[in-house]
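A short write-up of the structure that comes next.
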Amino acid sequence: MNCPKCLNELHVQSEICPHCGIVFEKYLKYHPEQSARQDVQPPIVTLYEDDEAQPLTQFLFHETQQTTLADFIGRAIILAGLVIWSWQLISPSIESNAVGNSFLHLVNLPFHEAGHIIFRPFGTFITSLGGTLGQLLMPSICTGVLLVKTRDPFGASVALWWVGENFLDIAPYMNDARAGQLPLLGGNFGHSAPYGFHDWQYLLTESGLLQYDHSLAKAVFAIGSVIMVLSLLWGGLLLVKRYKDINRPC
Numbered sequence: 001m002n003c004p005k006c007l008n009e010l011h012v013q014s015e016i017c018p019h020c021g022i023v024f025e026k027y028l029k030y031h032p033e034q035s036a037r038q039d040v041q042p043p044i045v046t047l048y049e050d051d052e053a054q055p056l057t058q059f060l061f062h063e064t065q066q067t068t069l070a071d072f073i074g075r076a077i078i079l080a081g082l083v084i085w086s087w088q089l090i091s092p093s094i095e096s097n098a099v100g101n102s103f104l105h106l107v108n109l110p111f112h113e114a115g116h117i118i119f120r121p122f123g124t125f126i127t128s129l130g131g132t133l134g135q136l137l138m139p140s141i142c143t144g145v146l147l148v149k150t151r152d153p154f155g156a157s158v159a160l161w162w163v164g165e166n167f168l169d170i171a172p173y174m175n176d177a178r179a180g181q182l183p184l185l186g187g188n189f190g191h192s193a194p195y196g197f198h199d200w201q202y203l204l205t206e207s208g209l210l211q212y213d214h215s216l217a218k219a220v221f222a223i224g225s226v227i228m229v230l231s232l233l234w235g236g237l238l239l240v241k242r243y244k245d246i247n248r249p250c
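Heads up: the sequence shown begins at 1 in the UniProt record's numbering, then just goes up one per residue.
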């Protein structure tokens, strides 16, 4: 099976030729004489060794849906908003708890509490850790579904940004393990609440790492920041690719 324009042989089903970038449906609309050719009905794309040598690139950047100009503008606005929001969350200190004062903290909270319930059968320590696991698992699942199931890499990049934001959300409470000054659910504070109520005070005490709470919090905050920046770069590269596709002549 050959591409009707560049004549490269193809065998993986797709709406776009990975070699020359044409959209088959659009190309055949303006070149009806090609539609009569048996070797281009239906359009099926085959990737040979030169394409299979970069499976990760294909996986992260290949979209099955065509992007319209309106879609492109909408995605560009979303990405610009995430860039600004990232700066507002990453630039303040951990102690400022800027992430905890963001409305996304309220979005993350139900998944945190659900994590405690889901991991309860695995003992007290894992139950306490389950809150953190819960709020990391949900955006991670969203990232995987968008990337693998729906083949929406841009949506996956936004979900990955949410994963990074959750790391930032965890860091202030980890940093507060010894001080116990941040408010907890129900109006308690770590220094006055019963032992075990402050997740990270309990987790770090039980694991003998309480004296490293600030260092661990900085590491988690850094991991989250890197994930957020990488997700923005991913989304930006996808937008550049789609912009070129939109403006490429048939």
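Just so you know, even glycine gets a beta-carbon here, dropped at the ideal spot from N, CA and C.
Who are the near neighbours of residue i in its chain, counting only those whose CB is closer than 7 angstroms to its CB and skipping five residues on each side?
i, result
"Glu49", "Residue confidence is low: Glu49 scores 45 on pLDDT, short of 50, so the model does not pin down where it sits. Its coordinate-derived value is still stated next. Excluding sequence neighbours, Glu49 sits near nothing in its chain."
"Ala193", "Leu184"
"Pro139", "Ala159, Trp162, Val163 and Asn166"
"Leu136", "Val163 and Asn166"
Is it true that the CB of residue j sits closer than 7 angstroms to the CB of residue i?
i, j, result
"Ile227", "Asn175", "no"
"Gly180", "Gly190", "yes"
"Gly196", "Tyr202", "yes"
"Glu15", "Pro153", "no"
"Arg248", "Phe72", "no"
"Leu160", "Ser231", "yes"
"Leu239", "Ala80", "no"
"His116", "Thr124", "no"
Relative to the C-alpha of residue i, which residue among the options is closest?
i, options, result
"Asp169", "Gly224, Ser14, Val23 and Thr68", "Gly224"
"Lys244", "Ser14, Cys3, Cys20 and Cys6", "Cys20"
"Ala156", "Leu210, Phe103, Phe61 and Gly123", "Phe61"
"Ala171", "Lys218, Leu232 and Pro121", "Lys218"
"Cys142", "Phe122, Thr124 and Phe111", "Phe111"
"Val83", "Val229, Ile246 and Leu237", "Val229"
Counting along the chain, where does the alpha helix (DSSP H) carrying residue i start and finish?
i, result
"Val220", "Asp213 to Asn247"
"Arg75", "Leu69 to Ile90"
"Cys142", "Thr124 to Gly144"
"Pro55", "Pro55 to Phe61"
"His191", "That residue, His191, is in no alpha helix (DSSP H); it is neither H nor E in DSSP."
Who are the near neighbours of residue i in its chain, counting only those whose CB is closer than 6 angstroms to its CB and skipping five residues on each side?
i, result
"Glu52", "Because the pLDDT of Glu52 is 47, which lies under 50, any placement of that residue in the model is unreliable, and the question is left without a value."
"Ala222", "none"
"Gly100", "Pro172"
Who are the Cβ neighbours of residue i in its own chain at under 8 angstroms, not counting the five residues just before and after it?
i, result
"Asp213", "Met174, Asn175, Asp176, Ala177, Arg178, Trp200 and Leu204"
"Glu113", "Gly131, Gly134 and Leu185"
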